[in-house]
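Be aware that the sequence shown starts at 1407, since it is given in my numbering, and climbs by one per residue.
Yeah, the Cβ is synthetic: ideal placement off N, Cα and C, and Gly gets one too.
Scroll down for the structure; my scribbles are underneath it.
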Amino acid sequence: MPTQTISPVFPLQIDEETGAYQTHSVTDLTKVVDQNIKMVLLTNPGERLSLPDFGVGLYKYLFELQTEIERGSSGLPPIRENILSQISTYLPYIKITALDIAFNNANQMSIKMSYYVKDSNLASLYELTLSETLENLPV
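In structure tokens form, the structure reads like this:
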């Protein structure tokens, strides 16, 4: 019986054996959920066709003052509320159990998100660190 696939691997990569795009299977559920969370966090609102409100746009927060990031200003909503709202809207199968946002220095932030997938026994921790340089751009 062939393995059931549920999502392509991003960034897109060609499977050298089949010539098709590499995919995640049902057994890779944590990878799929983490990939979906990363897409929501890093996509800027307006980037995704037909979903103009999709995305947190985390990089826009990097150059704001920490107090403005937390309470919202300069046209950006408060970061915690934005993340929780986007996840609940676009990934409704995920329940966030803990969200920690830390600012390590002037233009670096780390996000740790504990979650579980509703209707499954899967619980995991997602971590993402962003800085103003492109050298640690998450792939």
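Inspect the beta-carbon positions of residue i and residue j and report whether they are closer than 7 Å.
i, j, result
"Val1523", "Tyr1496", "no"
"Tyr1532", "Asp1440", "yes"
"Ser1516", "Ala1529", "no"
"Gln1514", "Ser1494", "no"
Between which two residues does the beta strand (DSSP E) holding residue i run?
i, result
"Thr1535", "Ala1529 to Ser1537"
"Lys1518", "Gln1514 to Val1523"
Excluding five sequence neighbours on each side, which residues of the same chain lie with their C-beta closer than 6 Å to the C-beta of residue i?
i, result
"Gln1492", "Val1446 and Val1462"
"Asp1421", "Gln1428"
Less than 7 Å between C-beta atoms, sequence neighbours within five positions excluded: which residues of the same chain meet that for residue i?
i, result
"Met1407", "Confidence is the limiting factor: at Met1407 the pLDDT is only 44, short of 50, which leaves the residue's position unreliable and the question unanswerable from this model."
"Arg1477", "Pro1484"
"Lys1518", "Asp1506, Leu1531 and Glu1533"
"Glu1453", "Gly1461"
"Asn1442", "Leu1497"
"Lys1501", "Tyr1521, Tyr1522 and Lys1524"
Considering just the uninterrupted stretch of the alpha helix (DSSP H) at residue i, what are its terminal residues?
i, result
"Val1462", "No alpha helix (DSSP H) contains Val1462, which DSSP labels as neither H nor E."
"Glu1423", "No alpha helix (DSSP H) contains Glu1423, which DSSP labels as neither H nor E."
"Thr1436", "Leu1435 to Leu1448"
Name the one or two DSSP bridge partners that residue i has.
i, result
"Phe1509", "Met1515"
Could you name the residues of the same chain whose beta carbon sits closer than 8 Å to that of residue i, not counting the 5 residues immediately before and after it, in chain order?
i, result
"Asp1525", "Tyr1499"
"Arg1486", "Glu1476, Leu1505 and Ile1507"
inquiry  = Runs of 4 residues minimum, wholly inside the region 1472–1504: which ones carry the alpha helix (DSSP H) assignment?
reply    = Within the region 1472–1504, the complete alpha helix (DSSP H) runs of at least 4 residues are 1472–1477 and 1485–1496.
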